[in-house]
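Q:
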Amino acid sequence: MTSCDWIGSVYLFIQSSSTSLSDQYDNYKSMVYNALRNVISEFSGGPPNFIEILKILKSDQQLILHLKFCGQVACKRFLQGYRAKMVHQHIQNQLGQCLKLESLQVSLELRVDAEKLDTQLDEEEKCLQYISSVKPSYQKDDELADLDRRFMNVSLGTLPLPLNSNVAPSSLPQGVSPVSPPHTLRSISTEGSTFQFQGQEFIDRPLTSEHHQTFAKLVGTSWKKVGRTLKQNCPALEDPAIDTLAYEYGRESLYEQAYQMLQRFIDCEGKKGTLQRLVDALVINGLTGIAEKLLPVQENGLN
Numbered sequence: 001m002t003s004c005d006w007i008g009s010v011y012l013f014i015q016s017s018s019t020s021l022s023d024q025y026d027n028y029k030s031m032v033y034n035a036l037r038n039v040i041s042e043f044s045g046g047p048p049n050f051i052e053i054l055k056i057l058k059s060d061q062q063l064i065l066h067l068k069f070c071g072q073v074a075c076k077r078f079l080q081g082y083r084a085k086m087v088h089q090h091i092q093n094q095l096g097q098c099l100k101l102e103s104l105q106v107s108l109e110l111r112v113d114a115e116k117l118d119t120q121l122d123e124e125e126k127c128l129q130y131i132s133s134v135k136p137s138y139q140k141d142d143e144l145a146d147l148d149r150r151f152m153n154v155s156l157g158t159l160p161l162p163l164n165s166n167v168a169p170s171s172l173p174q175g176v177s178p179v180s181p182p183h184t185l186r187s188i189s190t191e192g193s194t195f196q197f198q199g200q201e202f203i204d205r206p207l208t209s210e211h212h213q214t215f216a217k218l219v220g221t222s223w224k225k226v227g228r229t230l231k232q233n234c235p236a237l238e239d240p241a242i243d244t245l246a247y248e249y250g251r252e253s254l255y256e257q258a259y260q261m262l263q264r265f266i267d268c269e270g271k272k273g274t275l276q277r278l279v280d281a282l283v284i285n286g287l288t289g290i291a292e293k294l295l296p297v298q299e300n301g302l303n
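Going by UniProt numbering, the first residue of the sequence shown is number 1, and it counts up by one from there.
#1: Can you tell which of Asp-267, Phe-78 and Thr-274 has the C-alpha that lies nearest to the C-alpha of Asp-204?
#2: Per DSSP, what kind of secondary structure is Lys-100 in: helix, strand or coil?
#3: Within the same chain, show all residues whose beta-carbon is closer than 6 Å to that of Ser-133, passing over the 5 residues directly before and after it, in chain order.
#4: Helix, strand or coil: how does DSSP classify Gly-8 here?
#5: Restricting to Cα atoms, I'd like to know which of Leu-67, Lys-58, Asn-27 and Arg-149 is closest to Leu-99.
#6: Expressed to the nearest angstrom, what Euclidean distance is found between the alpha-carbon atoms of Asp-143 and Gln-62?
#7: From this set, Gln-24, Gln-15 and Asn-49, which residue's C-alpha is nearest Trp-6's C-alpha?
#8: For the alpha helix (DSSP H) holding Lys-29, just list the boundary residues, first then last.
#9: Does Pro-296 come out as helix, strand or coil in the three-state DSSP assignment?
#10: Roughly how many whole angstroms lie between the Cα atoms of Lys-140 and Val-10?
#11: Is it true that the stretch 12–26 meets the stretch 100–118, where meeting means three or more beta-carbon pairs spaced less than 8 Å apart?
#12: Can you give, in chain order, each stretch of the alpha helix (DSSP H) that sits fully within the stretch 189–240 and has at least 4 residues?
#13: Around the C-beta of Gly-8, are 16 or more other C-beta atoms found within 10 angstroms, so that it is buried, or is it exposed?
#14: Spell out the partners DSSP gives Gln-15 in its beta bridges.
#15: In terms of alpha-carbon separation, which member of Met-86, Thr-194, Tyr-82 and Lys-116 lies closest to Lys-135?
#16: CB-CB under 6 Å to Arg-186, same chain, minus the five flanking residues each way: which ones, in chain order?
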């Protein structure tokens, strides 16, 4: 991939009051991803400036796109389109068409860590500084990269039509054939890798008992939201696991409920149940303060 001297990232939250976009993504993953990637490409431009969807996460009924910007020109183009509501309109139109929901309405929000950019869009330089302060330390999600290759093969006419698909052929965008359901998403965090948080770099590592206890003590009623974000890559937290935990430990303290949820995550994921994955889930749910408690400066191991 082309290197560039200006890199940044942002989380784009997408929600609709008329349908659960997270459920739609589960049911029609390749179709929804293709619609979103088409929108992003419209504001991306060409090398050396481009925008990339690194991963797609879910939280309750939201979809969260982690976008990487390579080149300030691409980032400015996106911010200007976002401020003018063009990004909103394009996402709304593309998703409405591919899901056959003509009256679909979506709301968007841009975040960098705990910073919400929607109220600061008129201060473009300030937004650029926020975005460039967070540089992703991992490559594009394997599942999305696989879909990209499949879409490319379809456009070249080299990919045969699969026998099974999670996409209804009648709902496909023009020129796109259905693809087979992608493999289960693998964790992008590996022991020994690093990740960025609030401009500092931290070594990723399996969660410790101290992380476990700190999370359970501070998260309160938000443990369910965090659990639903973590479940994307964790079979032990797939529905109805969160609701079952809430019922089983309903008479216990919130600490115990949160502790048991994270324990299931750790037991299932083992060494792949890393600090970065928990921090990402906290940030996505607006719980940056808890993430800060998990990441004291002396722990980054890079000083």
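Even for Gly, the Cβ is constructed at its ideal location relative to N, Cα and C. All values derive from a computational prediction rather than experimental measurement.
A: Straight from the coordinates:
#1: Here residue 204 refers to the residue found at position 204 of the sequence shown. Answer by Cα proximity: Thr-274.
#2: The residue you call residue 100 lines up with position 100 of the sequence shown. Residue state, collapsed to three classes: coil.
#3: For the purposes of this step, residue 133 is identified with residue 133 of the sequence shown, where counting begins at 1. The residues are Gly-199.
#4: By one-based count along the sequence shown, residue 8 stands at place 8. Residue state, collapsed to three classes: strand.
#5: In the sequence shown, residue 99 corresponds to position 99, counting from 1. When only C-alpha atoms are compared, the closest one is Asn-27.
#6: Taking the sequence shown and counting its residues from 1, the one referred to as residue 143 is at position 143. Taking the sequence shown and counting its residues from 1, the one referred to as residue 62 is at position 62. Here the sequence assigns Glu to residue 143, which means Asp is not the residue at that position. Their backbone Cα atoms lie some 19 Å apart in a straight line.
#7: Reading the sequence shown from its first residue, position 6 is the one you call residue 6. Residue Asn-49 is the option with its Cα nearest to Trp-6.
#8: Here the question's residue 29 lines up with position 29 in the sequence shown. Taken as a continuous stretch (DSSP letters only), the alpha helix (DSSP H) holding Lys-29 covers 29–44.
#9: As a first step, residue 296 is located in the sequence shown; it is residue number 296 there, counting from the start. DSSP, reduced to helix, strand and coil, places Pro-296 outside both helices and strands of the structure shown, so it counts as coil.
#10: By 1-based counting over the sequence shown, the position of residue 140 is 140. By 1-based counting over the sequence shown, the position of residue 10 is 10. Each residue's alpha carbon lies about 14 Å from the other.
#11: Here the stretch 12–26 lies against the stretch 100–118, with 3 or more beta-carbon pairs under 8 Å apart.
#12: 209–218 and 223–230
#13: If you number the sequence shown from 1, residue 8 lands on position 8. Buried: at least 16 other Cβ atoms inside 10 Å.
#14: As a working mapping, residue 15 is identified with position 15 in the sequence shown. Paired residues: Ser-107.
#15: Numbered from its first residue, the sequence shown carries residue 135 at position 135. Measuring from the Cα of Lys-135, the nearest candidate turns out to be Thr-194.
#16: Here residue 186 refers to the residue found at position 186 when the sequence shown is read from its first residue. With a pLDDT of 32 at Arg-186, under the threshold of 50, the predicted position of this residue should be treated as unreliable, and no value is reported.
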